Amino acid sequence: MPGSRNNFKNSHQPAPEIVINDLSYHYPGSTQKVLQDIRLTINKGTVLGLIGPNGAGKTTLISLLTGILKHTNGTMTLGGYSLPQFTKQAKRLIGYIPQDYAFYPNLTAVENLQFFAGVQGITSAKRQLRIEYCLEFCQLQKVLQQKVAEFSGGLKRRLNIAIGLLNDPEILFFDEPTVSIDPQSRAFILQQIKVLQSQGKTIIYTSHYMEEVEQLCDYLAIIDQGTILKQGTLQSLQQEQQQQLIIVFKKTIDEYSLKHLKTRFKFSIHQTQLVFHNVANMAIYNQIIEQVQKMNLPITSIFYGKHNLEQIFLDLTSKKLRD
Ligand SMILES: Nc1ncnc2c1ncn2[C@@H]1O[C@H](COP(=O)(O)OP(=O)(O)O)[C@@H](O)[C@H]1O
Ligand SMILES: [Mg+2]
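According to my numbering, the sequence shown is numbered sequentially starting from 31.
Rendered as structure tokens:
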């Protein structure tokens, strides 16, 4: 619809592809807010890692952005189209790879692709080309005539992705695409997401696997209990962290030595490890090491640095189990 898309041509900033402001949501019939005051801007070509424990609200946020759910509070635009008014136009830009499998197990791979190409309104002129491209992109050519019910977990995930790519979307949502699959399929899926990234696609990626998010994503949003706790590049999240020194000893440290160390340094004890917090410079680092050596405490290994994403995530969301 003319005039409905914002014009970012004159801006020197990269064009924001998705803009979410003050978004809150509760499911119909419930008063409990599952999303609260979400603010997030995702630039074109960015791979956003949306990470959070079970029940944090990741799938709900994706369902709102893909027009499956309708929000009542706050504003959202995709590719310049605001939701829910322009959901139809926004949907043309979107590819959605859901957390649960979304295909017919009694059909073959190619029958599923033909069916979903029809549902997505892909013109018959383009349909065959897109199906062939998606089959190749997800390496499904060898199983295209097989019933999907017979597929392994990895093949099912790849078919899920192929269906999401049919309409050649600019914006892609991957909701936990590597859950319960073998390492080879996982490596293949990550590699293909990198290909999509190199094509300039905007990608929203949710996963429990921090190492995946670390290698794929340019920008991270850590979400828990419906709120974004932190967002930024991995570098910016790490910059806020203190340097810590972890010394692993051959055996647990005796009470006398601990008492002595406590008079000079602040640390916490985890079995045979001592974790010294806020070791801001090498002078403090050397003092600790010298003291430990003077006391003849046998060291197995030393780690000095900032928290990795997994530690940042656990610090923010607490280590309590989520079922
Ligand atoms: N259809 C629904 N009706 C009511 N509550 C729901 C529904 N789907 C999810 N929820 C609740 O919303 C919260 C967020 O769920 P979800 O978005 O699926 O989290 P995540 O994807 O991060 O695991 C959870 O407390 C969940 O129980
Ligand atoms: Mg989910």
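Cβ atoms here follow ideal geometry from the backbone N, Cα and C, with glycine treated the same way. Bear in mind the structure is a predicted one, so any value in this text is a computation, not a measurement.
| Asked | Found |
| --- | --- |
| Considering just the uninterrupted stretch of the alpha helix (DSSP H) at residue 196, what are its terminal residues? | Looking at the DSSP string, residue 196 is not in any alpha helix (DSSP H), and its letter there is neither H nor E. |
| Cβ-heavy atom distance between residue 89 and ligand 2 below 6 Å? | yes |
| If you draw a straight line from the alpha carbon of residue 241 to that of residue 212, how long is it in whole angstroms? | 16 Å |
| With respect to 6 Å, is the separation between the Cβ of residue 243 and the closest non-hydrogen atom of ligand 1 below this value? | no |
| Going by C-alpha to C-alpha distance, which of 315, 340, 339 sits closest to residue 332? | 315 |
| Whole angstroms are fine: how far does the CA of residue 276 sit from the CA of residue 56? | 43 Å |
| Does the distance from the CB of residue 177 to the CB of residue 138 come in under 7 Å? | yes |
| Tell me whether residue 128 is buried or exposed, calling it buried when 16 or more other Cβ atoms sit within 10 Å of its Cβ. | buried |
| Enumerate, from N- to C-terminal direction, the unbroken alpha helix (DSSP H) stretches of 4 or more residues contained entirely within the stretch 289 to 340. | 312 to 324 |
| I believe residue 250 touches residue 261 by the beta-carbon criterion, under 8 Å. Please report the beta-carbon distance rounded to the nearest angstrom. | 7 Å |
| Cα separation between residue 175 and residue 239? | 33 Å |
| Using 8 Å for Cβ pairs, my map puts residue 219 next to residue 191. What's the rounded Cβ distance? | 7 Å |
| Is residue 255 near ligand 2, in the sense that its beta carbon is under 6 Å from a heavy atom of that ligand? | no |
| Return the residue from the list 94, 337, 114 that minimises the CA-CA distance to residue 265. | 337 |
| Could I get the ranges of all uninterrupted alpha helix (DSSP H) runs contained in the stretch 130 to 172, with 4 residues as the minimum, in chain order? | 139 to 149, 154 to 167 |
| By the three-class DSSP mapping on this structure, what secondary structure does residue 211 have? | coil |
| Can you tell me which of the three DSSP states residue 186 falls into? | helix |
| Taking the DSSP output, what are the residues bridged to residue 235? | 79, 204 |
| For residue 103, verify whether its CB is less than 6 Å away from any heavy atom of ligand 1. | no |
| Taking buried to mean at least 16 other C-beta atoms within 10 Å of its own C-beta, is residue 299 buried or exposed? | exposed |
| Could you check the C-alpha separation between residue 210 and residue 183 for me, to the nearest Å? | 7 Å |
| Return the first residue and the last residue of the beta strand (DSSP E) that residue 269 is part of. | First-last for residue 269: 264 to 269, but that is the alpha helix (DSSP H), not the beta strand (DSSP E). |
| Could you name the residues of the same chain whose beta carbon sits closer than 7 Å to that of residue 267, not counting the 5 residues immediately before and after it, in chain order? | 250, 260, 342 |
| Any heavy atom of ligand 1 closer than 6 Å to the CB of residue 209? | no |
| So what does DSSP say about residue 58, is it helix, strand or coil? | coil |
| Measure the C-alpha to C-alpha separation of residue 307 and residue 296 and round it to an integer number of angstroms. | 7 Å |
| Determine the extent of the beta strand (DSSP E) in which residue 278 is found, giving its start and end residues. | 274 to 279 |
| Cα-Cα, which of 326, 335, 252, 244 is closest to residue 274? | 335 |
| Report the option in 272, 109, 325 whose CA atom is closest to the CA atom of residue 290. | 325 |
| Closer than 6 Å by C-beta to residue 125: which residues in its own chain qualify, once you throw out the five before and the five after it? Chain order, please. | 194, 195, 199, 202 |
| Within 8 Å, do at least three Cβ pairs link the stretch 93 to 111 to the stretch 153 to 162? | no |
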